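First residue of the sequence shown? That's 1043 in my numbering, and the numbers climb one at a time after it.
Just so it is clear, CB atoms sit at the ideal spot from N, CA and C, and this is done for glycine as well.
These numbers were taken from a predicted model, which means no experiment stands behind them.
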Amino acid sequence: MMIDLHIHTARCGHAAGRPSEYVAAARQAGLEVIAFTDHLALPDGYDPDGEYAMRPGELAEYVADVRKSAATGGPPRVLLGIEADWVPPYRAQTARAIAAYPFDVVLGSVHFLGDWAFDDPRLIDEWSLRDVAGAWDEYFEVFTQAASSGLFDVMAHPDLVKKFGHVPPGDLISLYDDVAAAMADAGVAVEVSSAGLRKPCREIYPSDDLLAAFRRAGVPVTTASDAHTPEEVGSGLGEVRAAVARAGYESIVYFEAREMREVPL
Ligand code: ZN
Ligand code: FE
Ligand code: FE
Ligand code: ZN
């Protein structure tokens, strides 16, 4: 089934386009199910320029916009989602925001190590001060903690830490198997995203090796573009679906009222 479970809109401050434009693009691309998953407002101080996420007061308007485009009828079927950052000291605040609306799907993301937005190109210099293996360990520790929090249905861009091409040397398989086991224990799904293909790493999130580890651990996957413009809806989905098939998956999942639905790939 052609699914894109991760789509942004202009509301987040760094994407372009209204929901109706994304829906039209999705219809054109032959998608059957899409989810709007704009960035939930961040805790105070984490988004000083208002470029990472919607403002706290915008959530109601965002939900109304998405509902309006869902009501026009498919295809595609339009789901109400949200992408929420895992910022550990603000777990309760995040949980309250998520509980305030009847979301179909909640994506969990790690874009911060401490207060460093490690995937922001403007902050890339910080990478030269860091030990790459140390950053990876920290990232996957936080990622695992997020997955286990019970807040999220799907963990987004699982190896986002590689975005700019920083990958530690050596064998990563045992790290990947540990991460995959933690996802299985947490009962979350993970996203296979084409976004990495458009970034310096030039690779799907997750890598083939990490995706194979998810498959070994029995972790369900969904497919996504992480579109930030209408043109990006469904982009790279062919490569994503090929990677999913290569890893041995025959089915993928989406969520409806936060219940997992399994469908043939
Ligand atoms: Zn974004
Ligand atoms: Fe993200
Ligand atoms: Fe996103
Ligand atoms: Zn994202």
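Taking the straight line between their C-alpha atoms, what separation do you get for residue i and residue j?
| i | j | result |
| --- | --- | --- |
| Phe-1185 | Arg-1060 | 30 Å |
| Val-1164 | Gly-1123 | It is worth fixing the name first, because residue 1164 is Arg in this sequence and not Val. Their backbone Cα atoms lie some 28 Å apart in a straight line. |
| Ser-1277 | Gly-1238 | 11 Å |
| Val-1295 | Leu-1073 | 14 Å |
| Ala-1255 | Asp-1046 | 22 Å |
| Leu-1252 | Asp-1227 | 16 Å |
| Ala-1126 | Ala-1057 | 16 Å |
| Val-1286 | Thr-1265 | 9 Å |
| Thr-1051 | Val-1065 | 11 Å |
| Gln-1135 | Ala-1231 | 23 Å |
| Ala-1289 | Pro-1262 | 12 Å |
| Arg-1138 | Tyr-1132 | 10 Å |
| Leu-1101 | Asp-1089 | 16 Å |
| Arg-1119 | Leu-1279 | 17 Å |
| Gly-1086 | Glu-1292 | Per the sequence presented here, residue 1086 reads as Asp, with Gly not at that position. Going by the C-alpha atoms only, they are around 42 Å apart. |
| Arg-1258 | Ile-1215 | 12 Å |
| Ser-1236 | Glu-1281 | 7 Å |
With a threshold of 16 other CB atoms inside 10 Å of the CB of residue i, please say whether the residue is buried or exposed.
| i | result |
| --- | --- |
| Asp-1107 | buried |
| Glu-1093 | exposed |
| Pro-1211 | exposed |
| Val-1129 | buried |
Validate contact between the stretch 1168-1178 and the stretch 1144-1151 using beta carbons, cut 8 Å, 3 pairs:
No, because fewer than three Cβ pairs between the stretch 1168-1178 and the stretch 1144-1151 fall closer than 8 Å, the two stretches do not touch.
As a quick check of your reading: which residues have a C-beta less than 7 Å from at least one non-hydrogen atom of ligand 2, in chain order?
Proximity annotation: ligand 2 has residues Glu-1125, Ser-1151, His-1153, Ala-1198, His-1199, Leu-1202, Asp-1268 in chain order, each selected because its CB is closer than 7 Å to a heavy atom of the ligand.
Can you list the alpha helix (DSSP H) stretches of 4 or more residues lying completely in the stretch 1166-1247, in chain order?
The stretch 1166-1247 contains these whole alpha helix (DSSP H) runs: 1168-1171, 1174-1189, 1215-1228.
Jot down the residue ranges of each uninterrupted beta strand (DSSP E) in the stretch 1101-1134, minimum 3 residues, whole runs only, in chain order.
Taking 3 residues as the minimum length, the beta strand (DSSP E) runs contained wholly in the stretch 1101-1134 are 1119-1127, in order along the chain.
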